[in-house]
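Quick notes on the structure that follows.
Below is the structure:
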């Protein structure tokens with residue numbers, strides 16, 4: 001059976017920290033699907049379609065990585081793309097406590113779904129989408145935080 | 001003097017994790033009052049009155065446990081129901097840091113008010129009201145997370 | 001049924017932080033038994049018998065609190081003194097993670113044993129027996145850390 | 001070169017916990033600038049100008065401490081007031097994880113900017129502006145949490 | 001290239017918590033090598049050879065899992081068994097902080113070595129080898145903590 | 001008054017992580033004294049005198065930084081070298097919890113002693129003296145972890 005991992009998130013925007021996890025994680029799996037969650041209630045800074053396009057261009061030569069958008073429950077979407085694994089990055093203990101709860105909830109909804117964690121490279125661990133949005137908001141150049149230009 | 005504990009929360013909804021703390025805590029106290037805090041500024045998923053009714057039906061044969069709704073400051077409401085203790089569950093270190101601040105603040109407002117903690121049973125610790133609301137929002141059956149059907 | 005709590009520890013020495021938990025905890029219970037664990041493999045600074053004597057003198061007018069020494073498993077000793085509760089203090093997240101594991105292990109060995117936690121008063125939370133021993137070792141006066149003189 | 005620290009925050013309101021850090025920090029620096037960040041998107045309880053006035057009156061005899069309001073990026077404002085240091089208080093591990101990310105981001109934007117931390121005095125560590133706002137909201141007297149009356 | 005993971009530890013003894021990680025992890029890899037580290041300076045309760053025998057008997061029908069003993073640096077041993085991954089379990093934030101440092105150190109020594117984490121199932125997270133040793137020391141039956149009888 | 005900071009530790013060995021804190025901290029102070037604590041009960045890998053020599057050679061052109069050895073209580077030694085500040089690095093939440101207790105204890109012993117913290121640069125945060133000792137023990141080259149060759 002092919003080993004497929006879903007890497008879910010809102011990716012508003014997709015950062016070098018996310019790319020670090022996807023690329024290191026891709027050595028573990030046959031395929032990594034970057035799932036961009038659409039939530040009509042949350043206002044975004046960078047549209048889902050822009051992000052989808054940027055990520056897919058960035059990984060166009062990597063046959064193991066592709067981005068897809070989705071709505072609804074992450075665990076259900078994992079089933080739709082035949083992912084038996086969720087891939088998640090851990091930056092610090094706050095992440096750990098949050099991800100621990102979410103991983104147990106996901107196993108409860110779909111008991112075959114295993115969440116696999118990689119610790120974000122230390123020099124990238126401070127990068128969060130919210131920090132990047134705030135810098136962008138104040139007209140700072142954010143490209144050094146992203147794997148591609150925006 | 002009777003030992004009365006207030007177990008305060010928004011209970012939107014009341015979960016098996018909450019029931020675990022109330023029931024284990026009730027062995028410590030003569031009475032446990034489940035206080036459902038009403039906050040008109042926060043939109044709820046499950047109305048206070050529905051929750052009040054469900055909890056009181058669920059515990060109707062347990063003379064030590066009852067639910068009441070309240071507005072205003074928790075420490076003040078504790079006085080109104082003659083509770084000299086607050087009962088709280090701890091799931092993880094994030095809870096601990098938050099509860100630590102709140103417990104000190106409550107002792108400051110009402111210095112006789114002691115907060116007593118029980119650690120949530122590990123198999124229930126991942127259940128949070130917000131996870132349950134999200135699953136409900138996506139049309140999942142949430143009854144396995146609750147002590148009663150909704 | 002009488003509510004009896006065991007407050008176990010090595011108490012080498014018993015500090016103001018310990019006294020804070022015992023005294024605040026004694027409002028919850030009919031009786032608090034301070035159990036001084038003897039472990040022949042661990043070298044102590046202050047003998048078990050000295051500590052037993054000091055604690056019992058200190059609480060001689062408090063009929064709810066008494067100290068006893070024990071060897072062997074804490075959960076077993078709780079049964080011997082008819083304690084259905086363990087009382088523990090929490091100072092910080094490191095304590096929380098440790099106590100969480102121990103509380104689950106104790107419930108596994110003796111499933112009626114409930115562990116109840118109180119958060120140490122902030123101005124005493126820095127006091128640990130090991131800090132006190134180190135100061136004592138360097139000939140500092142340690143009486144301001146203890147409820148009695150040594 | 002003069003050692004100037006910026007102590008940034010929204011200070012809604014400025015508490016005894018903030019004053020503790022500013023005053024203990026002022027022994028380290030030649031000047032501490034309390035920067036009150038204005039963010040038109042966030043509704044405040046206490047206006048920036050009221051807070052500015054209260055803080056400056058409170059420290060009017062301390063030539064090393066003064067308050068200023070600002071908009072925009074904190075790291076940029078630090079440059080404007082010639083601050084080569086940010087001063088921050090740490091209350092607990094949740095603060096630590098958050099401040100760690102922010103400090104790295106600030107060094108990325110302005111690599112000469114060093115963040116210096118002091119741990120909040122334990123008896124004040126429970127005071128947060130949000131707890132104070134909630135008490136105020138419920139008509140409690142909040143002056144015991146503040147260095148001045150409001 | 002075959003995906004081989006090393007699951008290193010002292011396994012004194014190997015617990016149900018370890019078995020949980022090995023078995024869930026084995027779905028990710030072609031092979032999981034349980035590496036029992038021998039350290040002549042540390043006195044063991046259960047000999048390396050006993051543990052090796054017990055684990056290999058337990059997994060004798062699982063062609064993906066086998067146990068081996070080793071001395072020396074874990075990262076070097078990973079190379080010897082052609083493991084490009086280390087598999088580790090996380091029980092709580094204390095584990096996370098420790099494993100984070102070790103994972104970075106291992107990448108430093110052998111930059112192709114990726115550490116992959118799975119969170120221990122909550123009902124097993126309290127089981128540590130040290131708790132089991134303590135219970136064993138007090139003549140408790142420890143078989144309910146282990147995947148096999150000892 | 002001159003601002004003098006003591007940076008205390010056992011430095012067995014002094015690492016790039018220590019150097020990072022000393023050098024970044026030296027911008028804050030007029031003088032940073034690296035205090036190498038001698039504890040005859042603890043067996044060292046690298047002798048105090050070797051370390052003293054190496055550190056002082058390394059900083060021989062930096063007039064603000066020097067190393068000294070000491071025995072006894074850190075807070076007392078701070079007084080001897082006229083240090084009114086302790087300088088400490090924080091790598092993670094485990095460090096934070098430990099340092100928080102120690103800082104309060106030090107203020108208790110010598111109430112003018114303020115502890116100032118800097119967060120270790122993320123790419124160095126995994127380096128601990130104990131990791132370096134373990135690598136050294138296994139005949140690995142450790143020079144990439146140290147500011148000087150050993």
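Residue numbers (our numbering), protein chains in the order written: chain A, 1 to 150; chain B, 1 to 150; chain C, 1 to 150; chain D, 1 to 150; chain E, 1 to 150; chain F, 1 to 150. Just so you know, even glycine gets a beta-carbon here, dropped at the ideal spot from N, CA and C. Just so you know, these numbers come straight off a predicted model, no measurement behind them.
Closest residue to residue i among the options (Cα-Cα distance)
i: residue 25 of chain F; options: F:50, F:40, F:3, F:107; result: F:3
i: residue 15 of chain F; options: F:48, F:62, F:124; result: F:124
i: residue 35 of chain A; options: A:66, A:90, A:57, A:118; result: A:66
i: residue 63 of chain D; options: D:23, D:95, D:89, D:102; result: D:23
i: residue 137 of chain E; options: C:146, C:96, C:92, C:41; result: C:41
i: residue 18 of chain B; options: B:145, B:149, B:150; result: B:145
i: residue 134 of chain D; options: D:21, D:82, D:44; result: D:44
i: residue 28 of chain F; options: D:112, D:11, D:51; result: D:112
i: residue 1 of chain C; options: C:129, C:59, C:83, C:102; result: C:83
i: residue 122 of chain C; options: F:101, F:121, F:128, F:106; result: F:101
i: residue 92 of chain C; options: C:60, C:59, C:126; result: C:126
i: residue 12 of chain A; options: A:79, A:131, A:140; result: A:131
i: residue 77 of chain B; options: B:129, B:106, B:148; result: B:106
i: residue 147 of chain E; options: E:10, E:37, E:46, E:58; result: E:58
i: residue 114 of chain B; options: B:128, B:88, B:46; result: B:88
i: residue 149 of chain F; options: F:104, F:46, F:38, F:103; result: F:46
i: residue 154 of chain B; options: B:56, B:71, B:54, B:30; result: The structure shown does not extend to residue 154 of chain B, since chain B is modelled only from 1 through 150, so no value can be given for it.
i: residue 103 of chain C; options: E:79, E:128, E:80; result: E:128
Start-to-end residues for the alpha helix (DSSP H) that takes in residue i
i: residue 21 of chain F; result: 16–26
i: residue 118 of chain B; result: It is not in any alpha helix (DSSP H) - residue 118 of chain B instead sits in the beta strand (DSSP E) that spans 114–119.
Simplified DSSP assignment, three categories, for residue i
i: residue 70 of chain A; result: strand
i: residue 131 of chain B; result: helix
i: residue 55 of chain D; result: helix
Nearest-angstrom beta carbon gap, residue j and residue i [assumed within contact, 8 angstroms]
i: residue 32 of chain B; j: residue 5 of chain B; result: 5 angstroms
i: residue 109 of chain C; j: residue 73 of chain C; result: 7 angstroms
i: residue 8 of chain B; j: residue 86 of chain B; result: 7 angstroms
i: residue 98 of chain F; j: residue 96 of chain D; result: About 12 angstroms; that fails the 8 angstroms criterion.
i: residue 116 of chain C; j: residue 21 of chain B; result: Their Cβ separation, rounded to whole angstroms, is 11 angstroms, which puts residue 116 of chain C and residue 21 of chain B out of contact at 8 angstroms.
i: residue 69 of chain D; j: residue 50 of chain D; result: With 8 angstroms as the limit, residue 69 of chain D and residue 50 of chain D do not qualify as a contact, their Cβ atoms being about 11 angstroms apart.
i: residue 94 of chain B; j: residue 94 of chain D; result: 7 angstroms
Residue span of the beta strand (DSSP E) that contains residue i, given as start and end
i: residue 31 of chain F; result: 31–37
i: residue 5 of chain F; result: 4–9
i: residue 107 of chain F; result: First-last for residue 107 of chain F: 93–109, but that is the alpha helix (DSSP H), not the beta strand (DSSP E).
i: residue 88 of chain A; result: 85–90
The ligand GDP heavy atom lying under 7 angstroms from the CB of residue i
i: residue 24 of chain C; result: By its list of ligands, the structure shown contains no ligand whatsoever, and the ligand GDP lies outside what it can speak to.
Chain G contacts made by the region 79–94 of chain C, where a contact means CB separation under 7 angstroms: The structure shown contains no chain G; its protein chains are A, B, C, D, E and F.
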